[in-house]
Amino acid sequence: ERQATLKKYLSHPKNITKTVSPKIQLLEMNLQQVVQKQKFQEFEVYYQPIVDIASGQIIAAESLLRWQSPELGLVTPTEFIPIAESTGLIVPIDQWVLQNVCKQIKVWHDVGIAYLKISVNLSVMEFNHPDLLKKITDFLQINHLEPQYLEIELTESMIMQDINSAIATMNKLQTLGLKIAIDDFGTGYSSLIYLKNLPINTLKIDRYFIHNVAVDRQKSAITKALIEMAHNLNMQVVAEGVETEEELQFLRDAHCDYMQGFLFSRPLPAPEFENFLWSNRHLYI
Ligand code: C2E
Ligand code: MG
Ligand code: MG
Ligand code: MG
188 ERQATLKKYL
198 SHPKNITKTV
208 SPKIQLLEMN
218 LQQVVQKQKF
228 QEFEVYYQPI
238 VDIASGQIIA
248 AESLLRWQSP
258 ELGLVTPTEF
268 IPIAESTGLI
278 VPIDQWVLQN
288 VCKQIKVWHD
298 VGIAYLKISV
308 NLSVMEFNHP
318 DLLKKITDFL
328 QINHLEPQYL
338 EIELTESMIM
348 QDINSAIATM
358 NKLQTLGLKI
368 AIDDFGTGYS
378 SLIYLKNLPI
388 NTLKIDRYFI
398 HNVAVDRQKS
408 AITKALIEMA
418 HNLNMQVVAE
428 GVETEEELQF
438 LRDAHCDYMQ
448 GFLFSRPLPA
458 PEFENFLWSN
468 RHLYI
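This is the structure in structure tokens:
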């Protein structure tokens with residue numbers, strides 16, 4: 188049956204010239220269906236806690252999209268986000284995530300969880316979309332939310348594509364009251380000098396540097412320098428991908444502000460995240 192649908196899809200004139208693999212074409216076809224037929228119930232937003240290293244408290248969470256396809260099973264973002272980006276489907280998807288996250292923040296506020304900052308990953312297409320500010324304003328307004336609970340995660344490469352227009356959008360987002368994080372820091376090619384001129388609240392050190400940071404002398408040196416530099420620029424620092432006690436201890440000694448990683452928790456569906464919050468209220472790590 189899957190073969191038949193695939194054949195039909197491939198025979199469509201619009202798709203004939205594509206030279207990508209059948210697996211990717213199948214993913215693309217299914218993703219197209221989700222968006223066109225508004226089958227967004229196949230998507231679920233997971234939340235991964237971000238922890239204040241000094242106090243052990245969960246102070247924030249990153250929203251991470253999951254796609255449970257009836258046809259294909261669980262598809263990871265590293266598989267479907269690039270396809271969504273190359274097809275433009277990422278725009279409605281990112282907007283759905285933004286809307287969903289705003290609703291969830293409101294639900295949490297109503298049950299007394301009113302302190303968390305939730306971050307949302309945006310793709311470059313959504314970041315540059317003319318409707319972005321309007322959409323965000325609407326989602327906040329509909330849910331009676333103050334903007335400081337929302338943080339937008341951008342990557343270096345997104346910003347460097349067109350630095351002037353990126354700075355303009357970042358300024359608008361900050362003026363609106365949102366926070367801005369630079370994600371996967373260290374993996375791009377941006378000069379550190381640029382950072383100084385960018386309106387960034389949070390710097391997230393890529394998990395490449397955190398993996399084995401306590402024993403790898405180069406990674407230790409780079410991570411320490413990044414933390415110090417970020418602090419000098421009045422940014423707060425999140426270490427991504429913290430998996431071991433040794434890595435956490437290193438980060439604590441290096442005065443890193445926050446940590447995120449499997450050591451503390453994997454990304455969780457909203458109800459599980461909420462349970463996790465209640466059971467870890469006074470947890471000290
Ligand atoms: P990211 O924004 O850098 O998200 C962090 C990724 O690291 C997540 O992968 C998370 O599950 C993973 N991670 C967290 N802690 C650990 C750890 O201790 N060890 C290891 N090995 N991994 C850890 P995930 O959820 O598979 O997402 C992958 C990427 O997909 C994200 O990277 C982000 O770039 C993108 N993405 C996810 N959700 C969205 C979305 O709603 N919109 C857009 N545009 N992109 C998204
Ligand atoms: Mg991220
Ligand atoms: Mg990241
Ligand atoms: Mg990443």
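Each number in my numbering corresponds to the 1-based position in the sequence shown with 187 added.
C-beta atoms are modelled at their ideal positions from N, C-alpha and C, and glycine is treated no differently.
- [ ] Pick helix, strand or coil for Tyr-395, following the three-state DSSP scheme.
- [x] Indexing the sequence shown from 1 puts residue 395 at position 208. Residue state, collapsed to three classes: helix.
Task: Other residues of its chain near Lys-406: CB distance less than 6 Å, five sequence neighbours each side excluded - done: The sequence position of residue 406 within the sequence shown is 219, counting from 1. Counting only Cβ-Cβ distances below 6 Å, and skipping sequence neighbours, we find Phe-396, Val-400.
Task: Rounded Cβ spacing between Leu-382 and Leu-420 (contact assumed at less than 8 Å) - done: Within the sequence shown, numbered from 1, the residue matching residue 382 stands at position 195. Within the sequence shown, numbered from 1, the residue matching residue 420 stands at position 233. Correct: roughly 6 Å between the Cβ atoms.
TODO: Give the range of the alpha helix (DSSP H) segment to which Phe-267 is assigned.
DONE: Reading the sequence shown from its first residue, position 80 is the one you call residue 267. 264–274 is the span of the alpha helix (DSSP H), which, as asked, contains Phe-267.
Task: Segment limits, alpha helix (DSSP H) that includes Glu-343 - done: Residue mapping note: residue 343 aligns to position 156 of the sequence shown, counting from 1. Here the alpha helix (DSSP H) through Glu-343 covers 343–348.
- [ ] Pull up the distance between the alpha-carbon of Asn-462 and that of Pro-456, whole angstroms please.
- [x] Reading the sequence shown from its first residue, position 275 is the one you call residue 462. Reading the sequence shown from its first residue, position 269 is the one you call residue 456. Looking at the backbone, the Cα of Asn-462 and that of Pro-456 are separated by about 10 Å.
TODO: Report the partner residues of Val-238 according to the DSSP bridge assignment.
DONE: In the sequence shown, counting from the first residue as 1, residue 238 sits at position 51. Per DSSP, the beta bridge partners of Val-238 are Ile-245, Met-446.
Open item on the list: My output table needs one value for Lys-411: the three-state DSSP class, helix, strand or coil.
Closed with: As a working mapping, residue 411 is identified with position 224 in the sequence shown. In this structure, Lys-411 counts as helix in the three-state DSSP scheme.
Open item on the list: According to DSSP, is Tyr-471 part of a helix, a strand, or is it coil?
Closed with: The residue labelled residue 471 in the question sits at position 284 within the sequence shown. Residue placement at Tyr-471 cannot be trusted, given a pLDDT of 46 that sits under 50; the coordinates are not used to answer.
Open item on the list: Contact defined as beta carbons within less than 8 Å: I believe Asn-351 pairs with Ile-292. What is the distance between those atoms, to the nearest angstrom?
Closed with: For the purposes of this step, residue 351 is identified with residue 164 of the sequence shown, where counting begins at 1. For the purposes of this step, residue 292 is identified with residue 105 of the sequence shown, where counting begins at 1. Not confirmed; about 31 Å, so no contact.
Task: Inter-residue Cα distance where the pair is Leu-303 and Ala-191 - done: Taking the sequence shown and counting its residues from 1, the one referred to as residue 303 is at position 116. Taking the sequence shown and counting its residues from 1, the one referred to as residue 191 is at position 4. The alpha-carbon of Leu-303 is positioned some 47 Å away from that of Ala-191.
TODO: Output yes or no for whether 8 Å exceeds the beta carbon distance between Glu-249 and Gln-282.
DONE: Residue numbering aside, residue 249 sits at position 62 when the sequence shown is read from its first letter. Residue numbering aside, residue 282 sits at position 95 when the sequence shown is read from its first letter. One thing to note: Glu-249 has its Cβ no nearer than 8 Å to the Cβ of Gln-282.
Open item on the list: If contact is defined by three or more beta carbon pairs under 8 Å, each pair taking one atom from either stretch, is the stretch 339–348 in contact with the stretch 359–370?
Closed with: Result yes; three or more Cβ-Cβ pairs closer than 8 Å.
TODO: Give me whichever residues DSSP pairs with Gln-255 in a beta bridge.
DONE: One-based indexing of the sequence shown puts residue 255 at position 68. For Gln-255, which the question treats as bridged, DSSP gives the partners Leu-261.
Open item on the list: With a threshold of 8 Å, are at least 3 pairs of Cβ atoms found where one atom belongs to the stretch 268–284 and the other to the stretch 215–235?
Closed with: With the cut-off at 8 Å, the stretch 268–284 and the stretch 215–235 touch.
- [ ] Starting from the C-beta of Val-222, find all residues in its chain whose C-beta is less than 6 Å away, skip the five residues before and the five after it, and write them out in chain order.
- [x] Start at 1 with the first residue of the sequence shown, and residue 222 comes out as number 35. Excluding positions up to five away in sequence, the list reads Leu-276, Pro-279.
Open item on the list: Can you find the residues in the same chain that come closer than 8 Å, C-beta to C-beta, to Met-446, ignoring five residues on each side of it along the sequence?
Closed with: Walking along the sequence shown from the start, residue 446 turns up at place 259. By the criterion of a C-beta distance shorter than 8 Å, Met-446 is surrounded in its chain by Ile-237, Val-238, Ile-240, Val-425, Ala-426, Val-429, Leu-435, Leu-438, once the five residues flanking it on both sides are discounted.
TODO: Taking only the alpha-carbon atoms, compute the straight-line gap between Leu-464 and Pro-264 and give it to the nearest angstrom.
DONE: Working through the sequence shown from its first residue, we reach residue 464 at position 277. Working through the sequence shown from its first residue, we reach residue 264 at position 77. Cα to Cα, the separation comes out at about 25 Å.
Open item on the list: Can you tell me whether Asp-370 sits near ligand 3, meaning its C-beta is under 7 Å from at least one heavy atom of the ligand?
Closed with: By 1-based counting over the sequence shown, the position of residue 370 is 183. Yes; taking the cut-off as 7 Å, the Cβ of Asp-370 has a heavy atom of ligand 3 nearer than that.
Task: CA-to-CA distance, Phe-449 to Leu-327, given in whole angstroms - done: Along the sequence shown, one-based indexing puts residue 327 at 140. Along the sequence shown, one-based indexing puts residue 449 at 262. Taking the straight line from one Cα to the other gives about 30 Å.
- [ ] Assign Gln-255 to one of two classes, buried (16 or more other C-beta atoms within 10 Å of its C-beta) or exposed (fewer than that).
- [x] The count along the sequence shown starts at 1 and reaches residue 255 at position 68. By the neighbour-count rule (16 or more Cβ atoms within 10 Å), Gln-255 is not buried but exposed.
- [ ] Check Leu-464 in the structure and name its three-state DSSP category.
- [x] Here the question's residue 464 lines up with position 277 in the sequence shown. Leu-464 sits in a helix when the DSSP states are folded into three classes.
- [ ] State the start and end residues of the unbroken beta strand (DSSP E) segment that holds Asn-308.
- [x] As a working mapping, residue 308 is identified with position 121 in the sequence shown. Where Asn-308 is concerned, the enclosing beta strand (DSSP E) stretches over 304–308.
- [ ] Count the other CB atoms, across all protein chains shown, that sit within 10 Å of the CB of Thr-324; report buried if there are 16 or more and exposed otherwise.
- [x] As a position in the sequence shown, residue 324 is number 137, starting the count at 1. With a 10 Å radius around the Cβ and a threshold of 16 neighbouring Cβ atoms, Thr-324 comes out exposed.
Task: Proximal residues to Ser-242 (C-beta, below 6 Å), its chain only, five neighbours per side dropped - done: Taking the sequence shown and counting its residues from 1, the one referred to as residue 242 is at position 55. Apart from sequence neighbours up to five positions away, no residue of its chain approaches Ser-242 with a beta-carbon distance below 6 Å.
Open item on the list: Quick check: is any heavy atom of ligand 3 less than 7 Å from the C-beta of Glu-272?
Closed with: Reading the sequence shown from its first residue, position 85 is the one you call residue 272. Exclusion of Glu-272 from the 7 Å shell around ligand 3 follows from its C-beta lying no nearer than that to any non-hydrogen atom of the ligand.
Open item on the list: Let me check understanding here. Comparing Cα to Cα, which of Glu-333, Gln-335, Pro-317, Ile-380 lies closest to Ala-355?
Closed with: Here residue 355 is taken as the residue at index 168 of the sequence shown, counted from 1. Among Glu-333, Gln-335, Pro-317, Ile-380, the Cα nearest to that of Ala-355 belongs to Pro-317.
Open item on the list: Just to confirm before moving on: does the CB-CB distance between Phe-372 and Asp-393 stay below 8 Å?
Closed with: The sequence position of residue 372 within the sequence shown is 185, counting from 1. The sequence position of residue 393 within the sequence shown is 206, counting from 1. Their beta carbons are under 8 Å apart, which means Phe-372 touches Asp-393 by this criterion.
- [ ] In angstroms with no decimal places, state the Cα-to-Cα distance between Leu-413 and Gln-423.
- [x] For the purposes of this step, residue 413 is identified with residue 226 of the sequence shown, where counting begins at 1. For the purposes of this step, residue 423 is identified with residue 236 of the sequence shown, where counting begins at 1. In a straight line, the C-alpha of Leu-413 is about 11 Å away from that of Gln-423.
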